[in-house]
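Visitor:
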Amino acid sequence: QRLFPSKERKHYAESPPSDSVGFFFGTTPADVQSVSASIATLSAASPPVGSIPKPFPRFQHPSHALLEDNGFKQQKYIKFFKRCMADRKRVGMGCSEEMNTLFRFWCYFLRTNFNRVMYKHFRSLAEEEFQAGFSYGMECLFRFYSYGLEQKFKQDLYEDFEQLTLQTYKQGSLYGLEKYWAFHFYREKSSKNASCGVETLSKHPELERLLSTEFRTLEDFQRAKGVAVPPPAPSVEKYGVVANANGW
15 QRLFPSKERK HYAESPPSDS VGFFFGTTPA DVQSVSASIA TLSAASPPVG
65 SIPKPFPRFQ HPSHALLEDN GFKQQKYIKF FKRCMADRKR VGMGCSEEMN
115 TLFRFWCYFL RTNFNRVMYK HFRSLAEEEF QAGFSYGMEC LFRFYSYGLE
165 QKFKQDLYED FEQLTLQTYK QGSLYGLEKY WAFHFYREKS SKNASCGVET
215 LSKHPELERL LSTEFRTLED FQRAKGVAVP PPAPSVEKYG VVANANGW
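Numbering (our numbering), first residue to last: 15 to 262.
What follows is the structure in structure tokens.
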């Protein structure tokens, strides 16, 4: 998976919280297994009076179960969705670990299992939180666009991608523009490697201008964020002639 710096401008609050919930890609985390083994050992040594010891229950977050192969169930999802929305209402926008988990779930699940209703919820809530100063939901949405459209292209989603990229850029965020740049960069790269080629996509005029003048490389984004970019290393060509990036 491509990784790009996700540091935002100061206007937006840090998101998700440092103690946010992630995904476990496996049925039982290792630490739970070890605890289970310890409890089983203790139970065997001194069983409780008048009762039969029960195995330690395995932990599984609802989002993990929904992401498993053939594990999606509509009723499970509705229950999970309501739980996340209730937690968001209780603790406030940008502060809900459950809501951030739902954003991540949508980001992964919708790439290969697109659902129009889910997508509308995803976009609406991400925009709402972004306008309140919390960018994590919008970052997940941009990752969905960049990676999801690479897997399966949909024209209407591409147009949404462009609209939100331009909108958030004008509000001071480079994240969407960087993901838009990455989408086109890797699409063009794969087109050169593919024998049949890949259809060339038209870009919004303003986005085309930005990518052809101010943000042509990943280093341009880093400089715009104030990240120090080392100068290109000289290359040693045949006969020991040293050339820089411009060929001199």
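Each residue gets a CB set at the ideal place from its N, CA and C atoms; glycine is no exception.
Cβ atoms of Y189 and F158: under 9 angstroms apart, would you say?
Guide: It is not a contact, given that the beta carbons lie outside the stated cut-off.
Visitor: How big is the Cα-Cα spacing for L171 and K206?
Guide: Taking the straight line from one Cα to the other gives about 24 angstroms.
Visitor: Taking the straight line between their C-alpha atoms, what separation do you get for E192 and D174?
Guide: Looking at the two C-alpha atoms, the distance is approximately 15 angstroms.
Visitor: Just verifying my parser: in three-state terms, what is the DSSP assignment at F119?
Guide: Looking at F119 - three-state DSSP - the assignment turns out to be helix.
Visitor: If we ignore side chains and look at the alpha-carbon of each, how far apart do S60 and S110 end up?
Guide: Reliability fails at S60, whose pLDDT of 40 lies under 50, so the model's placement of it is uncertain and no value is given.
Visitor: Is F235 helix, strand or coil by DSSP?
Guide: Looking at F235 - three-state DSSP - the assignment turns out to be helix.
Visitor: Going by beta-carbon coordinates alone, are E141 and L178 separated by less than 9 angstroms?
Guide: Yes.
Visitor: Per DSSP, what kind of secondary structure is F229 in: helix, strand or coil?
Guide: The answer is coil: DSSP assigns F229 none of H, G, I, E or B.
Visitor: Let me make sure I understand the geometry here. Which of Q89, F167, H135 has the alpha-carbon closest to that of R125?
Guide: Checking every option, the nearest Cα to that of R125 belongs to F167.
Visitor: Between which two residues does the alpha helix (DSSP H) holding M107 run?
Guide: No alpha helix (DSSP H) holds M107; DSSP gives it neither H nor E.
Visitor: Do you know how far the Cα of Q88 is from the Cα of R9?
Guide: This structure cannot settle anything about residue 9, because the visible part of the chain is limited to 15 through 262.
Visitor: What would DSSP say about P219, mapped onto helix, strand or coil?
Guide: P219: helix per DSSP, three-state reduction.
Visitor: Using alpha carbons as the reference points, say which of P245, F94, C121, H218 lies closest to H198.
Guide: The candidate whose alpha carbon is nearest that of H198 is H218.
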